[in-house]
Every structure is written in structure tokens, then in C-alpha cells.
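A short worksheet on the structure shown next.
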Amino acid sequence: MSLRPDFLWGFATASYQIEGAIDQDGRAPSIWDTFCAIPGKIAHGASGEVACDSYNRTAEDIALLKEVGAQAYRFSLSWSRIIPLGGRNDPVNQAGLDHYVKFVDDLLDAGITPMITLYHWDLPDELDKRYGGLLNREEFPLDFENYARVVFKAIPKCKYWITFNEPFCSSVLAYSFGQFAPGHTSDRTKSPVGDSSREPWIVGHNLLVAHGRAVKVYRDEFKPTDKGVIGITLNGDATYPWDPEDPRDVEAAERKIEFSIAWFADPVYFGKYPDSMRKQLGDRLPEFTAEEAALVKGSNDFYGMNHYTADYVKHGDGNPPPEDHAGDLTTSKTNKAGESIGPETQSFWLNPNPQGFRNLINWLSKRYGYPPIYVTENGTSIKGENDLTREQILEDDFRVKYFHDYAHALAAAVAEDGCDVRGYMGWSLMDNFEWAEGYETRFGCTYVDYEDNQKRYPKKSAYAMKPLFDSLIKKE
Ligand code: NOJ
Numbered sequence: 021m022s023l024r025p026d027f028l029w030g031f032a033t034a035s036y037q038i039e040g041a042i043d044q045d046g047r048a049p050s051i052w053d054t055f056c057a058i059p060g061k062i063a064h065g066a067s068g069e070v071a072c073d074s075y076n077r078t079a080e081d082i083a084l085l086k087e088v089g090a091q092a093y094r095f096s097l098s099w100s101r102i103i104p105l106g107g108r109n110d111p112v113n114q115a116g117l118d119h120y121v122k123f124v125d126d127l128l129d130a131g132i133t134p135m136i137t138l139y140h141w142d143l144p145d146e147l148d149k150r151y152g153g154l155l156n157r158e159e160f161p162l163d164f165e166n167y168a169r170v171v172f173k174a175i176p177k178c179k180y181w182i183t184f185n186e187p188f189c190s191s192v193l194a195y196s197f198g199q200f201a202p203g204h205t206s207d208r209t210k211s212p213v214g215d216s217s218r219e220p221w222i223v224g225h226n227l228l229v230a231h232g233r234a235v236k237v238y239r240d241e242f243k244p245t246d247k248g249v250i251g252i253t254l255n256g257d258a259t260y261p262w263d264p265e266d267p268r269d270v271e272a273a274e275r276k277i278e279f280s281i282a283w284f285a286d287p288v289y290f291g292k293y294p295d296s297m298r299k300q301l302g303d304r305l306p307e308f309t310a311e312e313a314a315l316v317k318g319s320n321d322f323y324g325m326n327h328y329t330a331d332y333v334k335h336g337d338g339n340p341p342p343e344d345h346a347g348d349l350t351t352s353k354t355n356k357a358g359e360s361i362g363p364e365t366q367s368f369w370l371n372p373n374p375q376g377f378r379n380l381i382n383w384l385s386k387r388y389g390y391p392p393i394y395v396t397e398n399g400t401s402i403k404g405e406n407d408l409t410r411e412q413i414l415e416d417d418f419r420v421k422y423f424h425d426y427a428h429a430l431a432a433a434v435a436e437d438g439c440d441v442r443g444y445m446g447w448s449l450m451d452n453f454e455w456a457e458g459y460e461t462r463f464g465c466t467y468v469d470y471e472d473n474q475k476r477y478p479k480k481s482a483y484a485m486k487p488l489f490d491s492l493i494k495k496e
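Under our numbering, the residues of the sequence shown are numbered 21 to 496, in order.
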């Protein structure tokens, strides 16, 4: 047993992926509603219109969390339920806000610790239309600050706050690849608007400044009385050199982590972007003004870590195209010796490699001075899961093994390597809307029957989590 007695474990979800109820109680559209309506963007033309209908099933979801023994629940708020038009001069929708206030009260009554993500990709659509949403360096951070303040004020009982989920995805997938809302890209076969060589870096910058503003508000106006903690959640894969004998691959493996994680974490901990990024991107990577740097530097009470997989990395030719976001390199799932990084899943990008998780926890801990880490997402899809019968799906041994191996890798990083990991949220409490992949890919520890009134059936993995963490957490 190696994890601290107050180690917090549970499950995670996000508003647009589970809530449905897109027109209820005054909610206005988010950029995801708009994006899903464009033919060809989402597998099978799916959307979050109904999803798991969690907006109307809060009692059922809390009962599910209790049933599987979860201590904590990470979920996100839909900004356009709370401030439908999004901006700092737009009205607050009391019904939308009250919904979340009550949900937090109900979780606490059930003995479950809430962890709230303010922004999990569903920007109020109006802000995108009004001023270009995340691209706007002046307006966006101020509107986010205002939204954050409204929420902090209404929900003092929440003690764990995450500003942004995976800003890398909000930047690269949404403004370089055009795969996520609002779908910008330089590829004119996919979108009439976008500049993949510049927009992702601008969006990343604005998200960092908005994060810094919200953290300042929390620390100045709420933390002294509410005594919670706040941080940003970053995603990033572990890396191994494709050819460990080639120093250029060794360097590229390091650079990949810098371009995905340190892009955000270096500013948060050091107040500047990594040198490798400045070198490749030049003035396409914005500079922090003195005021911005002061807001961003030192703005994490904890590091929120989303992590799923690992890659082998091969160096590029030293001449990356302007659209390159990765750091002049390519990734693959096999190395020079032909070894595979891990078994296939339903997600083309995800191959389990628990050793990579331990390595990356160490990488982060060393670079950022052993900060407290909460793993805010970790989980897996299963190849072909959606084609099985319900009975078969419930026996998700592949997922059980994934959680077992990753939790043990985490425990080793704590007990043997001295890293400070304080929590773990499995992705996801239930099957849900997997963005551009629609409902094909299931990440849930609970099966959701979309054909039969979104009924929930916990899988084996949902029940496996409690004994797993009971075996790893020290008793008080
Ligand atoms: C990370 C994202 O935060 C979440 O929304 C998504 O469903 C999972 N990864 C799985 O892809």
C-alpha cells in the first residue's frame, strides 16, 4: 500500500458528452451543437442532443457512483447553461446555475467529493460568432474570468477546480486539424476558414491567459474562505525514441512532450514557452506581455493530468512545414526493432503502455518540482466493443486490466520514485459522446443502452475500481 490515506479516486465525465437536454431550462447552443449540425463532421451524424440524458438523471448518476463506491466525481459545467450568451455583460441564467448548485449539494449529501471542470470544450456559440471565441486575446480571457467568478460564487462547497480541460485539443484538434469544434484548418477541403500555422498557437496562448485570470479571481476572492484548490488539466502521451541508439530520436521523444505538455505547463510553472517551440515557431508563437506572464506563472495549485497512451517517436528532417504542431517528428506504434507499444483498442491513437504512465509522472515531477498531481482522466476503449452483446460488453476484462496496470504504475511512481500523486479519476463513469467518433467508441465503465432509454449497466470495470484502490491506499 503506497497511496496517501486521503488519496481521492473516482470517475470523470464532461457536460456535452453526457448531459443532452440542449434546449432545457434556458441553455443556449455551444460550438459543439453548431459543429455537430455540419454534415460529415461527426461519425453517423451523431450529436450530444440526448447523449446519456444526464441533465435529467442526476439522482441516477449519483446512485451509480455510490453503487460502485466512488469517492469523487469529476464533471464539467456547460457555460451556455449558466450564461447562455457567454459574455460578461450577458445575463446569468439562474435555472442553469441552480441545476449545478443542487447537483453539488446532492453529491456531497451522498458522500461524494465533486471536482469541477469549468471548460471542457463547449464554448457558448455566441462568443464564437461575436468575436471569434478562443481566438480573441482581449475578450475571451475577460469573459472566462467573469463566468468563473459567477460559478465560484455560487458553488463555494466545491473544493477542487479545473479551469480548462486539455487546451492542446482545443488548440490543435479544433484550429489545426479541424476535427473538433469550431473546425478551423488550413485544409480548404474541410473548412473555409482557418490557418493551421498560426491559430492553434494563438488559441493556446489565450487559454493560458484565461486560466491565469480565473485562478487569480479564485485566489483573491474565494480561496481564503472556501479553501479549495485550482489547476489546469493537460493531456499528453508518454514517448519512447523509435531508435534508442539514435540521439536525434531521443531528442525528438523529449521534444514531443514539450510541444504537447510543456507548451502549457512551462508557462504555468516558469512563465515562458519551451525554447524548442520558440526555435521552431518563431513569432507565430505569441509572446507573453509582462501582465500576462504574471497572471500565468505560478497559477497551478496542482497539476491535472489526463493520460492514456504512449508513442514511439522518430525525428523529422529539420524542415517542418508551417502547419507542423508536433515538433518536427513522426510517431508510430512500433519501434525500429518491430516491437509494438501496446495492444490495439477502438481508438486509433490509444495503445495501453502503463510503464509510459510511470515514466511521464516522473518526467512531470522532475521538470516542475514534484507538484501535487491529480490524474483527472485515464481509461481505455476496447476494440470492437460496440459490436458485442450487452452481456459480453459487461465483461470488460481488457478495461479491468488497463485500470489495474495503470493504477499499479501510478503507485510505483509514488512509492518508489517519490512523486506526489493525490488522486485518480477513471475515464469515464459511463459510455458517452466521444466527440468526432460519436457513440461508436465506448470509454465507459458503465454500459449505456442508447437504444433503450439510455439505461445504465455497470461493467465489471466499474466494480473493480474500489477493490483496486482499497488495495493501494494506506489506511489512516
Ligand atoms: C480526453 C477528453 O478530455 C475526453 O473528453 C475524451 O472523451 C477522452 N479523452 C477519450 O478520448
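Here a beta-carbon is modelled for each residue, glycine too, at the ideal position from N, C-alpha and C. Please read these numbers as outputs of a predicted model, since none were measured by experiment.
Taking 8 Å as the cut-off, decide whether the C-beta atoms of K276 and T259 are in contact.
Contact annotation: K276 and T259 have beta-carbon atoms nearer than 8 Å.
For G251, write down the residues that DSSP places opposite it in a beta bridge.
Partner(s): I182 and F322.
Tell me whether F463, by its Cβ, gets closer than 7 Å to a heavy atom of the ligand NOJ.
yes
Which value, in whole angstroms, describes the spacing of the CA atoms of Y151 and G65?
28 Å
Please report the distance separating the alpha-carbon of K247 from that of S206.
45 Å
Nearest-angstrom Cα separation, counted from G46 out to A115
Taking the CA atoms as reference points, A115 sits about 7 Å from G46.
Proximity below 8 Å, CB of I103 to CB of V213:
no
Roughly how many whole angstroms lie between the Cα atoms of P202 and R239?
Take the alpha-carbon of P202 and the one of R239: they are about 31 Å apart.
Does the ligand MN have a heavy atom nearer than 7 Å to the CB of Q199?
This structure lacks the ligand MN; the ligands present are the ligand NOJ.
Starting from M445, trace the alpha helix (DSSP H) both ways and give me its first and last residue.
Judged by DSSP secondary structure, M445 falls outside any alpha helix (DSSP H) and instead within the beta strand (DSSP E) spanning V441 to W447.
Are E39 and P478 touching if we call contact CB-CB under 8 Å?
Not in contact: E39 and P478 (Cβ atoms no closer than 8 Å).
Supposed close pair K356, W447 - CB separation, criterion 8 Å:
The Cβ separation is near 31 Å, so there is no contact.
Quick one: what's got a C-beta closer than 6 Å to S352's C-beta in the same chain, skipping five residues either side?
Y332
Using CA coordinates, which residue listed in T133, T329 and L154 is at the minimum distance from F368?
T329
Pick helix, strand or coil for H204, following the three-state DSSP scheme.
coil
Just how far apart, CA to CA, sit E219 and L154?
9 Å
Looking at the ligand NOJ, does it come within less than 7 Å of W447, judged from the CB to the closest heavy atom?
Yes, the beta carbon of W447 sits closer than 7 Å to at least one heavy atom of the ligand NOJ.
Using the beta-carbon count (16 or more within 10 Å), is Q366 buried or exposed?
Buried.
In this structure, how does DSSP classify N4 when only helix, strand and coil are distinguished?
Because the chain in this structure spans residues 21 to 496, residue 4 falls outside the shown range and cannot be described.
Identify whether N452 lies in helix, strand or coil by the three-state DSSP scheme.
Three-state DSSP puts N452 in coil, outside helix and strand.
Start and end of the beta strand (DSSP E) containing L138?
T133 to Y139
Quick one, which of G438, D440, G399 and A57 has its alpha-carbon nearest D425's?
G399
Would you please state the rounded distance, in angstroms, between the beta carbons of R419 and C465? I believe it to be under 8 Å.
7 Å
In the structure shown, what three-state DSSP assignment does P374 receive?
helix
Return yes when the C-beta of Q366 is under 7 Å from any heavy atom of the ligand NOJ, and no when it is not.
no
Start and end of the beta strand (DSSP E) containing R476?
K475 to P478
If distances are taken between C-alpha atoms only, which option among Y75, I250 and N379 comes closest to D500?
Residue 500 lies beyond the stretch modelled for the chain, which goes from 21 to 496, so this question has no answer here.
Residues bridged to E397 (per DSSP):
Beta-bridge analysis with DSSP links E397 to N326.
In chain order, which continuous runs of the alpha helix (DSSP H) of length 4 or greater are located wholly inside the region 29 to 80?
Counting whole runs of 4 or more residues, the region 29 to 80 contains the alpha helix (DSSP H) stretches 35 to 38 and 51 to 56.
Sorry if obvious, but does the Cβ on E405 come closer than 7 Å to a heavy atom of the ligand NOJ?
no
Could you pull out every residue in the same chain whose Cβ sits closer than 6 Å to the Cβ of P49, ignoring the five residues on either side in sequence?
D145
Check whether the Cβ of Q474 lies closer than 7 Å to any heavy atom of the ligand NOJ, and answer yes or no.
For the ligand NOJ, no non-hydrogen atom lies closer than 7 Å to the CB of Q474.
I believe I381 touches I393 by the beta-carbon criterion, under 8 Å. Please report the beta-carbon distance rounded to the nearest angstrom.
A Cβ-Cβ distance of about 7 Å is found for the pair I381 and I393, placing them in contact under the 8 Å criterion.
Please name the residue in N339, V70 and A90 whose C-alpha comes closest to that of E471.
V70
Going along the chain, which residues of its own chain have a beta-carbon closer than 7 Å to the beta-carbon of Y120, five neighbours each way excluded?
Only L97 and I175 meet the Cβ criterion.
First and last residue of the uninterrupted alpha helix (DSSP H) at S296
Run containing S296: D295 to L301, per the alpha helix (DSSP H) assignment.
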